[in-house]
Amino acid sequence: MKKILLISTGGTWNKIYNPLNGNLEIDKHSKGLLEIASCWLCTFEIVNIIGKDSLEMTNKDRETLKNTIKKSNHEHIIVIHGTDTMDITAQYLADSKMNKSIVLTGAMVPYSINPIEATANVTSAYGYLQATDKKGIFIAMHGIISDYSKVKKDRTQGKFIL
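The following block contains the structure:
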């Protein structure tokens, strides 16, 4: 079984309800990912960086992500990322020409509110990395796993499509 690094950057996947102010906020400890990991018969390392909604991500944040990936000894990496700018980050990582298998995924609904979509997307990314040795940048969303350049967020349908 391949060792997989899971990097959580924030995004809707990680949002939790704050009863004190009524807002959804990023859980910077990734409790949802830890909950999933505790149920699986596998291990992966979880690293929390950035902790932002993807609409707030900057190229400085993308550089932090890129450097975290480059410094890692892992060849297979899942990045939990907000869906609104996932494509921009995927392109940024692709331009860095890293010789690794990297899958970006996220969720349109927070794991804390309804874990089905978020879990399915992470599971798809994990299974893909276990099954392939293909290098590159991929997106795993809504049952689709493909090269980042072929997957797009369709805002009218509220899902990712090829």
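Just add 2 to the spot in the sequence shown (first one is 1) and you have the working numbering. Note that CB positions come from ideal geometry on N, CA and C, so glycine has one too.
For D63, the three-state secondary structure derived from DSSP is helix. When only Cα atoms are considered, V124 and I82 end up about 8 Å apart.
For R64 and W15, the gap between their C-alpha atoms comes out near 18 Å. Note: S32 is not bridge-paired with any residue in the DSSP secondary-structure output. Around the beta-carbon of P21, fewer than 16 other beta-carbon atoms lie within 10 Å, marking it exposed. Here S114 is near G34, since their CB atoms are less than 8 Å apart. In this structure, the alpha-carbon of I141 lies about 31 Å from that of G24. Here I38 really is in contact with T121; their C-beta atoms are around 6 Å apart, less than 8 Å. When beta bridges are read from the DSSP output, M3 appears opposite no residue. Counted as a single uninterrupted DSSP element, the beta strand (DSSP E) harbouring V81 occupies residues H78 to I82.
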